[in-house]
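The listed protein sequences correspond, in order, to chains A and B.
In this note's numbering, each residue carries its 1-based index in the first sequence increased by 13.
In this note's numbering, each residue carries its 1-based index in the second sequence increased by 53.
Let me begin by presenting the structure, written as structure tokens, before commenting on it.
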Amino acid sequence: DGGITQSPKYLFRKEGQNVTLSCEQNLNHDAMYWYRQDPGQGLRLIYYSQIVNDFQKGDIAEGYSVSREKKESFPLTVTSAQKNPTAFYLCASSFDGTGGYEQYFGPGTRLTVT
Amino acid sequence: KNEVEQSPQNLTAQEGEFITINCSYSVGISALHWLQQHPGGGIVSLFMLSSGKKKHGRLIATINIQEKHSSLHITASHPRDSAVYICAVGGLRTSGSRLTFGEGTQLTVNP
């Protein structure tokens, strides 16, 4: 079955540690996205990539980094510079980055940093 | 003021009722998306539309570009429809596929 997988579903880290969230898709989509969701707020875009080896900052990129070495994979690293990393993180993909296609979402990773 | 406003924020209905969730936006858009988020957190895309009306089963989505407004209707609601419904808009083509999201409408359908 085609889809997007994120792992793990729950992740716990100590403050000051970097952590990498996994996102893989087998939909052959060019574009991939990372969003952050906090209680009572809409999803906010962290980073997006419209093609392999290229990515752009979203609205809240500070304290995060990404890579897009393969079409199927778009890992997100939450660095120790991110002041409030505890949140629900969602990865998504779409056929391309033109805006003419639906976005498909992964199941999400809930990150708790203490 | 948010670029995307949804109403109501919370909605409780009895099984069988007709439900309407509204979305207003303030920017020019290329497409509007309706998404459904279940309690576990996963999000499913329900509709993407840029004009008129779309129907899928008991769900109907409409959009009025001139008024910058969209509605999501659920006919014959069922407890399994309980979820958060999110409206998102895609900007003009020059901004590509970036979406701006509303805060969501929490729908609870009681048996």
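Virtual Cβ for every residue (Gly too), placed ideally from N, Cα, C.
- Interface flag for B:Ala129 against chain A is unset, since no Cβ pair is found closer than 8 Å.
- In the structure shown, the three-state DSSP call for A:Asp67 is strand.
- When C-alpha distances from A:Pro21 are compared across A:Pro52, A:Gln50 and A:Val32, the shortest belongs to A:Val32.
- The region 36-44 of chain A and the region 92-110 of chain A touch, with no fewer than 3 CB-CB distances between them shorter than 8 Å.
- A residue is called buried once 16 or more other Cβ atoms fall within 10 Å of its Cβ, and B:Thr65, having fewer, is exposed.
- In its chain, beyond the 5 residues on either side, Gly76 have a beta carbon closer than 6 Å to the beta carbon of A:Ala94.
- In summary, the residues of the region 84-117 of chain B whose CB is separated from some CB of chain A by less than 8 Å are Ala84, His86, Leu88, Gly93, Gly94, Gly95, Ile96, Val97, Ser98 and Met101, in the order they occur in the chain.
- Interface criterion not met: the Cβ of A:Phe68 is under 8 Å from no Cβ in chain B.
- DSSP, read as helix, strand or coil, puts A:Arg81 in coil.
- For the options A:Gly29, A:Leu40 and A:Lys27, the alpha carbon positioned closest to that of A:Ser86 is the one of A:Leu40.
- The continuous stretches of beta strand (DSSP E) do not include B:His91, and DSSP gives it neither H nor E.
- In this structure B:Ile116 touches B:Ser123 by the C-beta definition: roughly 4 Å separates them, less than 8 Å.
- Here B:Glu56 is near B:Thr153, since their CB atoms are less than 8 Å apart.
- A:Glu28 and A:Ala44 have their C-alpha atoms spaced approximately 31 Å apart.
- In the DSSP assignment, A:Ala44 falls within the beta strand (DSSP E) that extends over Ala44 to Gln50.
- The region 88-160 of chain B is shown to contain whole beta strand (DSSP E) runs of 3 or more residues at 96-102, 105-109, 112-117, 122-127, 136-143 and 152-154, in chain order.
- When 8 Å is used as the limit between beta carbons, B:Arg151 is near these residues of chain A: Leu58, Tyr61, Gly71 and Gly112, in chain order.
- Going by DSSP, A:Gln95 is part of no beta strand (DSSP E) at all; its letter is neither H nor E.
- For B:Gly143, the C-beta contacts it makes with chain A under 8 Å involve Gly112, in order along the chain.
- Per the DSSP secondary-structure output, A:Glu37 pairs in a beta bridge with A:Thr18 and A:Ser86.
- Judged by beta-carbon spacing, B:Phe100 lies within the 8 Å limit of B:His86, meaning their Cβ atoms are closer than that value.
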